[in-house]
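Student: Residue numbers (our numbering), protein chains in the order written: chain H, 1 to 335; chain Y, 1001 to 1335. Each residue gets a CB set at the ideal place from its N, CA and C atoms; glycine is no exception. Got a structure for you, written out below as structure tokens; questions coming shortly.
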DNA sequence: CGGCTAAATCGAACCGGTTCGATTTAATCA
DNA sequence: TGATTAAATCGAACCGGTTCGATTTAGCCG
């Protein structure tokens, strides 16, 4: 592999001039520039990104840290970020924490070690130690999806309270009163906000929530399935189930099917967040979806903005909260 | 951030001794080792991975390159690889080419620039230029999923011919004769093999394939949908559709539903490869699935083996081909 | 044409490690 | 106790760039 010194030798200039020509061509004379250009082409020089990063103290990589890259929600965001980053000569490296906080932290540490230019992070940690860790990082970071109290960074996400409220209102309008709610982990902002939206809307309508109708689905398939089963075996069953995310809602659908309940004839179902093949799932689930492409775009622009504008003018962290959209299906019936 | 020189100074030894103590403690005396240990703890030293990679010419990163990280098939493999890699102190960076060959190449180049220890690659390229490029890389590479003729590397995948043949035989056994096949891109090994399995099995059974019953679904949603529509508007319709992968098959299901065909009453459907929420899709599609966890495990072990055993004994590339598994659903009826 | 300034170029130090031949120290044995 | 050898440690070069103060060159003016 050709190095910058090979180029310098061939072009008969100093190494520093070659470096300068590469980073700031305007400051090098025309004929020198031309000599260097030819020399670069002749030896096939490509700058070593590792050496550059070491010397500069910054790389051109952007770290993307999520709990599950397989989730299409994150997939869309990743794609948007990646396209935007590539346009700006940055490179996205994706890491997946599998939802484990300690692994997430290890990955962030690793990315920091790589001197990444910036981080797009969907944080799952919430203890003080983790918050201090994030705060200590001197790198542009845009958090998304999960708003964690105590992290003073840009945040991009959806109005989760509204999402929960919208679906609850919809079910109330259809005449449902015995509405069950499958929640997510209590330390997750999305989970608690969606639940708040549900609870407040029920209260506002003067409908009391049966405590047995609120079950924890952990946003996972197994816990969601179990939670749904607990709902379905009660003597007085709910007439509608509201899943706080796609995973628990579909787990509920599976449980319903297995026990022989029909949806929506026997029980209505609604969920927050889309899923890849929603159009071929019977019934089509009524849902509230996030504008993933818009979210991805905002994350990308905000992060690149932070990266390219050094901390000169210390812009305070900002929240970007988008309104989710109601997408009717045929999984909710009027009663 | 503390450097190795800080440690050396505090421990009152030379920099090279500290480095040696870190990489090969056995070659350093007990008391020196202890001094160094304490110094490291005192200054909070952590080796800079960039500097290490630059000096060593190799990093501890493994590149994972696929066309779509969102595909659960790749997701499972990624997870297996990641777990195994972390156990061996390596770090997986995931990149997604979005199925674009030029982007895939750019990403591989970038990963090579990062001096990755090894690559797990599901190649999409196939022209000679690309093959030469891959051949020129002096890094352990394990290819998977797509077997590309001309790439002399370890390969891990499933028996796709068998997968196509199994489902075809199943449909034949149920009495189907007018079986349609939605193919994938002709340059993809998985697509052609699956088709061969279908065609051979039909021929062996003495059943002629209606040329109008073989349509190209490109393994994508839009093309798959279009292909399925073409099948469904024919005056003499197929009694069964075999999708060469999950995407085209589900697109076909969607098309059938939209036109009012019932599955399996009107038309049977079968597919190769699982999909995340197959259990809640009605009907449950009869399919042949790959053992993704096993594939991931083999890829991981093979790659780490290549990484840790330098090319001393130049083991020839090896193919690992697993047998896929038949998973009955209720999307195929006897006629 | 000398003097002054801006532009162009250079040299050396630096980023933070690794590596390896050279040197010092310690252990072994005659 | 001195010679021999192995073990421990060191110093300097190196990986491949960047950076910045110093030096050289060029351009302009009086």
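#1: Grouping DSSP H, G and I as helix and E and B as strand, with all else coil, what is residue 268 of chain H?
#2: Taking CB distances under 8 Å as the criterion, tell me whether residue 1279 of chain Y reaches chain H.
#3: Going by other Cβ atoms of all chains shown within 10 Å of its Cβ, with 16 needed for buried, is residue 183 of chain H buried or exposed?
#4: Would you kindly report the start and end of the unbroken alpha helix (DSSP H) that includes residue 994 of chain Y?
#5: Closer than 6 Å by C-beta to residue 1261 of chain Y: which residues in its own chain qualify, once you throw out the five before and the five after it? Chain order, please.
#6: Note down the Cα distance separating residue 77 of chain H from residue 210 of chain H, rounded to an integer number of angstroms.
#7: Per the DSSP calculation, residue 92 of chain H is bridged to which residue(s)?
#8: What first and last residue would you give for the beta strand (DSSP E) that runs through residue 1216 of chain Y?
#9: Ignore the nearest five residues each way along the sequence and tell me which others in residue 1069 of chain Y's own chain have a CB closer than 8 Å to its CB.
#10: Please check the pair residue 1158 of chain Y and residue 1321 of chain Y, which I expect to be a contact at CB under 8 Å, by giving their CB distance rounded to whole angstroms.
#11: Just mark residue 57 of chain H as buried or exposed, buried being the case when its beta carbon has 16 or more other beta carbons within 10 Å.
#12: Measure from the C-beta of residue 51 of chain H to each C-beta in chain Y and report whether the shortest distance is under 8 Å.
#13: Please report the straight-line C-alpha distance between residue 1107 of chain Y and residue 238 of chain H, rounded to a whole angstrom.
#14: Which residue from Y/1162, Y/1308, Y/1215 and Y/1027 puts its Cα closest to that of residue 1062 of chain Y?
#15: Along chain H, in chain order, which residues have C-beta atoms closer than 7 Å to that of residue 1098 of chain Y?
#16: Kindly indicate which three-state DSSP category residue 296 of chain H falls into: helix, strand or coil?
#17: Would a check of beta-carbon distances place residue 88 of chain H closer than 8 Å to chain Y?
#18: Using three-state DSSP, classify residue 1045 of chain Y as helix, strand or coil.
#19: Under 8 Å, do residue 1217 of chain Y and residue 1251 of chain Y count as touching if we go by C-beta distance?
#20: Where does residue 142 of chain H sit, in a helix, a strand or coil, going by DSSP?
#21: If you measure beta-carbon to beta-carbon, which residues of the stretch 236–258 of chain H are closer than 8 Å to chain Y?
#22: DSSP three-state call for residue 1219 of chain Y: helix, strand or coil?
#23: To the nearest angstrom, how far is the alpha carbon of residue 277 of chain H from that of residue 1277 of chain Y?
#24: Classify residue 5 of chain H as buried or exposed, calling it buried when 16 or more other Cβ atoms lie within 10 Å of its own Cβ.
#25: Flag this pair as yes or no: are the beta carbons of residue 1114 of chain Y and residue 1059 of chain Y separated by less than 8 Å?
#26: Quick check: the Cα distance between residue 1225 of chain Y and residue 1180 of chain Y, rounded to an integer number of angstroms?
#27: Could you compute how far the alpha carbon of residue 1015 of chain Y sits from the alpha carbon of residue 1133 of chain Y?
#28: Using 8 Å as the Cβ pair cut-off and three pairs as the minimum, do the stretch 158–177 of chain H and the stretch 128–142 of chain H touch?
#29: Where residue 206 of chain H and residue 176 of chain H are concerned, what is the direct C-alpha to C-alpha distance, given to the nearest angstrom?
#30: Name, please, each residue of chain Y whose Cβ falls closer than 8 Å to the Cβ of residue 110 of chain H.
#31: In whole angstroms, give me the CA-to-CA distance for residue 1073 of chain Y and residue 1191 of chain Y.
#32: Quick one: residues in its chain with C-beta nearer than 6 Å to the C-beta of residue 259 of chain H, no 5 flanking neighbours on either side, listed in chain order?
#33: Which residues in chain Y have a C-beta closer than 8 Å to the C-beta of residue 114 of chain H? List them in chain order.
#34: Taking a cut of 9 Å between CB atoms, which residues from the stretch 218–235 of chain H lie near chain Y?
#35: Identify, in the order they occur along the chain, each residue of the same chain with its Cβ nearer than 7 Å to the Cβ of residue 284 of chain H, setting aside the five sequence neighbours on each side.
#36: Please say whether residue 246 of chain H and residue 229 of chain H have beta carbons closer to each other than 8 Å?
Tutor: On the basis of the coordinates in this document:
#1: For this step, residue 268 of chain H is matched to residue 268 along the first chain. Here residue 268 of chain H sits in strand by DSSP.
#2: As a working mapping, residue 1279 of chain Y is identified with position 279 in the second chain. Interface residue, yes.
#3: Taking the first residue of the first chain as 1, we reach residue 183 of chain H at position 183. It counts as buried.
#4: Missing from the structure shown is residue 994 of chain Y; chain Y here goes from 1001 to 1335 and no further.
#5: If you number the second chain from 1, residue 1261 of chain Y lands on position 261. Here the set comprises 1267.
#6: Indexing the first chain from 1 puts residue 77 of chain H at position 77. Indexing the first chain from 1 puts residue 210 of chain H at position 210. The alpha-carbon atoms of residue 77 of chain H and residue 210 of chain H are separated by roughly 37 Å.
#7: Along the first chain, one-based indexing puts residue 92 of chain H at 92. Answer is H/62.
#8: For the purposes of this step, residue 1216 of chain Y is identified with residue 216 of the second chain, where counting begins at 1. Looking at the DSSP string, the run of the beta strand (DSSP E) that includes residue 1216 of chain Y is 1214–1216.
#9: As a working note, residue 1069 of chain Y is residue 69 in the second chain. 1075, 1078, 1094 and 1096, listed in sequence order.
#10: For the purposes of this step, residue 1158 of chain Y is taken as the residue at position 158 of the second chain. For the purposes of this step, residue 1321 of chain Y is taken as the residue at position 321 of the second chain. About 7 Å separates the two Cβ atoms, so the contact holds.
#11: Position 57 of the first chain, counted from the start, is the residue given in the question as residue 57 of chain H. Its Cβ having fewer than 16 others within 10 Å, residue 57 of chain H is exposed.
#12: Within the first chain, numbered from 1, the residue matching residue 51 of chain H stands at position 51. Residue 51 of chain H counts as touching chain Y.
#13: If you number the second chain from 1, residue 1107 of chain Y lands on position 107. If you number the first chain from 1, residue 238 of chain H lands on position 238. Going from the Cα of residue 1107 of chain Y to the Cα of residue 238 of chain H covers about 51 Å.
#14: Mapped onto the second chain, residue 1062 of chain Y falls at position 62. Residue 1062 of chain Y has its Cα closest to that of Y/1308, out of Y/1162, Y/1308, Y/1215 and Y/1027.
#15: On the second chain, position 98 is the one that residue 1098 of chain Y refers to. What residue 1098 of chain Y touches in chain H: 79.
#16: Mapped onto the first chain, residue 296 of chain H falls at position 296. Reduced to three states, the DSSP call for residue 296 of chain H is helix.
#17: Numbered from 1 along the first chain, position 88 holds the residue referred to as residue 88 of chain H. No, its Cβ sits nowhere closer than 8 Å to a Cβ of chain Y.
#18: Indexing the second chain from 1 puts residue 1045 of chain Y at position 45. DSSP places residue 1045 of chain Y in coil when its eight states are reduced to three.
#19: The residue given as residue 1217 of chain Y occupies position 217 in the second chain. The residue given as residue 1251 of chain Y occupies position 251 in the second chain. Closer than 8 Å, so yes.
#20: As a first step, residue 142 of chain H must be located in the first chain, where it is residue number 142. Residue 142 of chain H falls in the strand class under three-state DSSP.
#21: 250, 253, 254 and 257
#22: Within the second chain, residue 1219 of chain Y is the residue found at index 219, counting from 1. The answer is coil: DSSP assigns residue 1219 of chain Y none of H, G, I, E or B.
#23: The count along the first chain starts at 1 and reaches residue 277 of chain H at position 277. The count along the second chain starts at 1 and reaches residue 1277 of chain Y at position 277. Rounded to whole angstroms, residue 277 of chain H to residue 1277 of chain Y spans 8 Å at the Cα level.
#24: Here residue 5 of chain H is taken as the residue at index 5 of the first chain, counted from 1. Under this definition residue 5 of chain H is an exposed residue.
#25: For this step, residue 1114 of chain Y is matched to residue 114 along the second chain. For this step, residue 1059 of chain Y is matched to residue 59 along the second chain. Contact: yes.
#26: Residue 1225 of chain Y sits at position 225 when you count from the first residue of the second chain. Residue 1180 of chain Y sits at position 180 when you count from the first residue of the second chain. Each residue's Cα considered, the two are about 14 Å apart.
#27: In the second chain, residue 1015 of chain Y corresponds to position 15, counting from 1. In the second chain, residue 1133 of chain Y corresponds to position 133, counting from 1. The alpha-carbon atoms of residue 1015 of chain Y and residue 1133 of chain Y are separated by roughly 39 Å.
#28: no
#29: In the first chain, residue 206 of chain H corresponds to position 206, counting from 1. In the first chain, residue 176 of chain H corresponds to position 176, counting from 1. Going by the C-alpha atoms only, they are around 13 Å apart.
#30: The sequence position of residue 110 of chain H within the first chain is 110, counting from 1. Residues of chain Y passing the Cβ test: 1049 and 1091.
#31: By 1-based counting over the second chain, the position of residue 1073 of chain Y is 73. By 1-based counting over the second chain, the position of residue 1191 of chain Y is 191. C-alpha separation (whole angstroms): 16 Å.
#32: Reading the first chain from its first residue, position 259 is the one you call residue 259 of chain H. Hits under 6 Å: 232.
#33: As a position in the first chain, residue 114 of chain H is number 114, starting the count at 1. Near residue 114 of chain H (Cβ distances below 8 Å), the residues of chain Y are 1049 and 1050.
#34: none
#35: Residue 284 of chain H sits at position 284 when you count from the first residue of the first chain. The residues are 278, 329, 330 and 331.
#36: Taking the first chain and counting its residues from 1, one reaches residue 229 of chain H at position 229. Taking the first chain and counting its residues from 1, one reaches residue 246 of chain H at position 246. Result no, Cβ atoms of residue 229 of chain H and residue 246 of chain H do not sit closer than 8 Å.
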